Amino acid sequence: METVLTFLLVRFAVLAVIVAVLVIVGFALITRLKRRGRWDETRRRLGPVASRAAAGYARRRGGSWGSGLDQKAARRLGDRL
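Listed below in structure tokens is the structure:
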């Protein structure tokens with residue numbers, strides 16, 4: 001039992017480290033884009049991609065209630081431009 005708990009703790013720690021690294025890299029990338037003045041162009045290009053991804057995700061999930069929220073969020077990203 002102790003071995004299983006240790007394994008689960010190590011697995012959780014590895015996943016937490018991976019998520020933390022991805023968040024830090026994403027924040028650094030966004031900050032760099034903003035400093036160089038390219039953030040607006042990047043958002044303009046990401047709007048349609050996010051909308052298509054949300055629509056594809058909704059088709060895979062079968063159109064549950066959350067799919068509408070995904071699509072609204074993607075459209076809002078595109079509308080802010």
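In this text, residue positions in the sequence shown follow the UniProt record's numbering: the first is 1, and each later residue adds one. Backbone N, C-alpha and C define an ideal beta-carbon position, used for all residues, glycine too. Just so we're clear, the structure is a prediction, and the values are computed from it rather than from any experiment.
Taking the alpha carbon of residue 72 as the reference point, which residue from 57, 61, 51, 59 has its own alpha carbon closest? 51
Hey, how far is the Cα of residue 9 from the Cα of residue 3? 10 Å
Any idea if residue 54 is buried or exposed, counting beta-carbon neighbours within 10 angstroms, 16 or more meaning buried? buried
Would you report the Cα separation of residue 38 and residue 31, rounded to the nearest angstrom? 10 Å
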